[in-house]
Amino acid sequence: MTLPIGNHAAHAAFAAAMRSGALHHAWLFAGPEGIGKASFARAAAIRMLAEGAGADLAPGFDVPETDRTRTLIAAGSHPDYRELTRQPKEGDKTGLDLARSIPIAQVRALGPMFATRPSMSDRRVVIIDAVDDLERPGASNALLKSLEEPPQGTIFLLVSHAPGRLLPTIRSRCRLLRFDPLDDAALTTVLGEALPKADDAEIAALRRVAQGSPGRALGFAGLDLAALDQALTAIARDGDRTNARRGKLAKALALKAAQARYEAFLDRAPAFIAAEAPLRTGQRLRTALESYDAARALAASARALTLDAQATVYEMAGIVARLAA
12 MTLPIGNHAA
22 HAAFAAAMRS
32 GALHHAWLFA
42 GPEGIGKASF
52 ARAAAIRMLA
62 EGAGADLAPG
72 FDVPETDRTR
82 TLIAAGSHPD
92 YRELTRQPKE
102 GDKTGLDLAR
112 SIPIAQVRAL
122 GPMFATRPSM
132 SDRRVVIIDA
142 VDDLERPGAS
152 NALLKSLEEP
162 PQGTIFLLVS
172 HAPGRLLPTI
182 RSRCRLLRFD
192 PLDDAALTTV
202 LGEALPKADD
212 AEIAALRRVA
222 QGSPGRALGF
232 AGLDLAALDQ
242 ALTAIARDGD
252 RTNARRGKLA
262 KALALKAAQA
272 RYEAFLDRAP
282 AFIAAEAPLR
292 TGQRLRTALE
302 SYDAARALAA
312 SARALTLDAQ
322 ATVYEMAGIV
332 ARLAA
């Protein structure tokens, strides 16, 4: 299984722990969302279970596609592997409308597996993606009990986007492995591989909105962020005395079919202003900082209060136009 790009130090640290023969029973993979923590957890799980089953493998994390461990995990039928995630709500046929949390029932369902020895390996692996989503206090306390008295041979890999929100008792029983946002070069590589038809302008726009997270960037793929950036750049450079530019942008983003682009715009406009601020001094810098605060507040209110999209875009573009003055 190919490892996610970036975070080589974290990958190497876990590989060293695997080779040591004294692998800690619980790991907290912590870092921003969308940077490859869960992908690495799955790659590590496949490798550990394949090694435990006696597979003859080359150094690293690669496991051949034909390996029985890998095929069973892909089919969801490996007896020594479990992955806890938020599940689709009852009645949802798309699989996209997920429950708000991982309930205690999912954690308790691990009990029968823990009651027996590993079946195919000398290990078993449980991934929770993300442990931040555990229902509190029930599911968190149920997990804590397993961490305090770990079943023999069980390795817990807990993915967390906000480890500070976890119970301190859960954090204290885990070895922390930090994952960092990707740099621009790594981001460009990931986005180029994932979006082979995207041009350089779109890749650059996605990279700007990514904040180091390929997952975040890919969530905006196909929304023509480059065109949004061009519109913002023109308004910030030349202003909009006749209101024609922001009126056109507001009408375009208010359409029902443009909902995803509208959401992207709410993220992109404040970030665009933030990127402009370091290029300014004196009064122009103060204007940029005040505009940034206003744009962030407007974006938050638009989401919380479900403000009219056309009016919101019009007002937001007006805030951007202040930069021209």
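As numbered in our numbering, the sequence shown has no gaps in its residue numbers, which increase by one up to the final residue, 336. Backbone N, C-alpha and C fix where the C-beta goes; we use that ideal spot for every residue, glycine too. For clarity, every value in this text was computed on a predicted model and none was experimentally measured.
Subject >> Proximity of A247 and A335 at Cβ, strictly below 9 Å >> reply: yes
**OP:** Tell me, please, whether the stretch 230-240 touches the stretch 295-305 by the rule of three or more beta-carbon pairs shorter than 8 Å.
**Re:** no
Subject >> A313 versus A116 - alpha carbon distance >> reply: 36 Å
Original post:
Using the rule of at least 16 other Cβ atoms within 10 Å of the residue's Cβ for burial, across every protein chain shown, is S302 buried or exposed?
Top reply: buried
Original post:
Are the beta-carbon atoms of L300 and A288 separated by less than 9 Å?
Top reply: yes
Original post:
What's the call for E160, buried or exposed, on a 16-neighbour Cβ count within 10 Å?
Top reply: exposed
Original post:
Which runs of the beta strand (DSSP E) spanning at least 3 residues fall entirely within the stretch 53-128, listed in chain order?
Top reply: 92-95
Original post:
Taking just the CA atoms, how far does Y273 sit from T317?
Top reply: 12 Å
Original post:
Measuring CB to CB, does L193 end up less than 9 Å from A221?
Top reply: yes
Original post:
Which residue spans inside the stretch 226-289 form an unbroken alpha helix (DSSP H) run of at least 4?
Top reply: 236-249, 255-264 and 270-287
Original post:
What does DSSP give as the partner residues of H189 in its beta bridges?
Top reply: His is not the amino acid found at residue 189; the sequence shown has Arg there. DSSP, once it has assigned bridges, lists A41 as partnering R189.
**OP:** Could you tell me the boundaries of the alpha helix (DSSP H) in which S171 lies?
**Re:** From DSSP, S171 is part of no alpha helix (DSSP H) but of the beta strand (DSSP E) over T165 to S171.
**OP:** Throw me the rounded Cβ distance for the V136 and I166 pair, which I believe falls under 8 Å.
**Re:** So it is a contact: roughly 5 Å between Cβ atoms.
**OP:** Leaving aside the five residues before and after L154 along the sequence, list all residues of the same chain whose C-beta is less than 6 Å from its C-beta, in chain order.
**Re:** V118
Original post:
Is the distance from the Cβ of L169 to the Cβ of F40 below 9 Å?
Top reply: Yes.
Original post:
DSSP on D194, reduced to helix/strand/coil?
Top reply: coil
Original post:
Q98: which of Y92, H89, D108 and D91 sits nearest, CA to CA?
Top reply: D108
Original post:
Below 9 Å between beta carbons: does that hold for V142 and I16?
Top reply: no
Original post:
For D191, which of G164, K156 and G223 has the nearest alpha-carbon?
Top reply: G223
Original post:
Are T80 and A66 close, meaning C-beta to C-beta below 9 Å?
Top reply: Taking 9 Å as the Cβ cut-off, T80 and A66 qualify as a contacting pair.
Subject >> Where the alpha helix (DSSP H) containing I16 begins and where it ends >> reply: Neither: I16 is in no alpha helix (DSSP H) and is coded neither H nor E.
Original post:
Where do the N-terminal and C-terminal ends of the alpha helix (DSSP H) with I214 fall, by residue?
Top reply: D211 to A221
Original post:
So who's on the other strand from R135, going by DSSP bridges?
Top reply: T165
**OP:** Starting from G329, trace the alpha helix (DSSP H) both ways and give me its first and last residue.
**Re:** A320 to A332
**OP:** Give every residue of the same chain whose Cβ lies closer than 6 Å to the Cβ of D140, excluding the five residues on either side of it in the sequence, and list them in chain order.
**Re:** A49, T96 and V170
Subject >> Inter-residue spacing [alpha-carbon to alpha-carbon] between G175 and P281 >> reply: 26 Å
Subject >> Distance between E44 and H172 (C-alpha atoms, nearest Å) >> reply: H172 and E44: Cα-Cα distance of roughly 5 Å.
Subject >> Span of the alpha helix (DSSP H), counted from its first residue to its last, around I181 >> reply: P179 to S183
**OP:** Name, in chain order, the residues that DSSP records as bridge partners for D140.
**Re:** V170
Subject >> Cβ distance (whole Å) where A261 is taken to contact V324 below 8 Å >> reply: Yes, they are in contact, since the Cβ atoms of A261 and V324 sit about 4 Å apart, within 8 Å.
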